[in-house]
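These notes are about the structure you will find just below.
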Amino acid sequence: MFIHVVKSKIHRVSVTEANLNYIGSITIDEDLMDAANVIANEKVSIVNNNNGERFETYVIPGKRGSGVICLNGAAARLVQPGDIVIIMAYAMMELEEARTFKPAVIFPDTATNKLI
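Sequential numbering from -2 applies to the sequence shown in the working numbering.
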C-alpha cells in the first residue's frame, strides 16, 4: 500500500509579491527550495495563515538569496504581500518506508524569508 506523506515543508514565510498577470505558480527563493528539498515544477500545497485559503500550484525557482515568495496567476488573488504562508510538498511511499521517513522542514525568519 502506498500513502501520501509530507516530504518537504517551508514553515511560515512571508509573501513578498502577488503577480496576477503571470502564468500560474509560486516563485520561491532557491536557497529555501534547496533547504526544504523542493525542486522546480514540483506540486506544492499552500496554506495562508492570514485568511485560511488552501490551494495547490507548482514551483518556479526564484533568485537565490532574495527571500522571494511570489504567488503568480490566479493564486495571486488568494494572498496579499505580507501574508504568512506554509508551503508543503508530498511524496507517495510504501507504508513501512513512511513509518521512518523524516521530512525536510525549515523555519525561515518571517521578516526576511532567510534561513536562520
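Glycine residues also receive a C-beta, built at the ideal position from the N, C-alpha and C atoms.
Looking at residue i: is its Cβ nearer than 8 Å to the Cβ of residue j?
{"i": "Gly70", "j": "Ser11", "result": "no"}
{"i": "Arg61", "j": "Asp26", "result": "yes"}
{"i": "Ala108", "j": "Leu68", "result": "no"}
{"i": "Phe0", "j": "Ile103", "result": "First, the residue type needs correcting, since residue 0 is Ile and not Phe in the sequence shown. Against a cut-off of 8 Å, the Cβ pair of Ile103 and Ile0 comes out as no contact."}
{"i": "Ile83", "j": "Arg9", "result": "yes"}
{"i": "Pro78", "j": "Thr24", "result": "no"}
Among the candidates the options, whose CA atom is the shortest distance from the CA of residue i?
{"i": "Gly64", "options": "Ala101, Thr54, Ala32 and Thr97", "result": "Ala32"}
{"i": "Arg74", "options": "Met(-2), Phe(-1) and Leu17", "result": "Leu17"}
{"i": "Val2", "options": "Gln77, Phe104, Asn110 and Glu91", "result": "Glu91"}
{"i": "Met(-2)", "options": "Glu93, Ala72 and Leu112", "result": "Glu93"}
{"i": "Asn110", "options": "Ile66, Pro78, Thr97 and Phe98", "result": "Ile66"}
Should residue i be labelled buried (16 or more other beta-carbon atoms within 10 Å of its own) or exposed?
{"i": "Gly59", "result": "buried"}
{"i": "Lys4", "result": "buried"}
{"i": "Ala37", "result": "exposed"}
To the nearest angstrom, report how far apart residue i and residue j are at their CA atoms.
{"i": "Ala88", "j": "Asn45", "result": "21 Å"}
{"i": "Asn47", "j": "Ile57", "result": "23 Å"}
{"i": "Pro100", "j": "Asp80", "result": "24 Å"}
{"i": "Thr54", "j": "Ala95", "result": "24 Å"}
{"i": "Leu29", "j": "Val76", "result": "19 Å"}
{"i": "Val35", "j": "Ile43", "result": "13 Å"}
{"i": "Ala86", "j": "Gly49", "result": "18 Å"}
{"i": "Ile20", "j": "Arg51", "result": "19 Å"}
{"i": "Lys40", "j": "Thr97", "result": "23 Å"}
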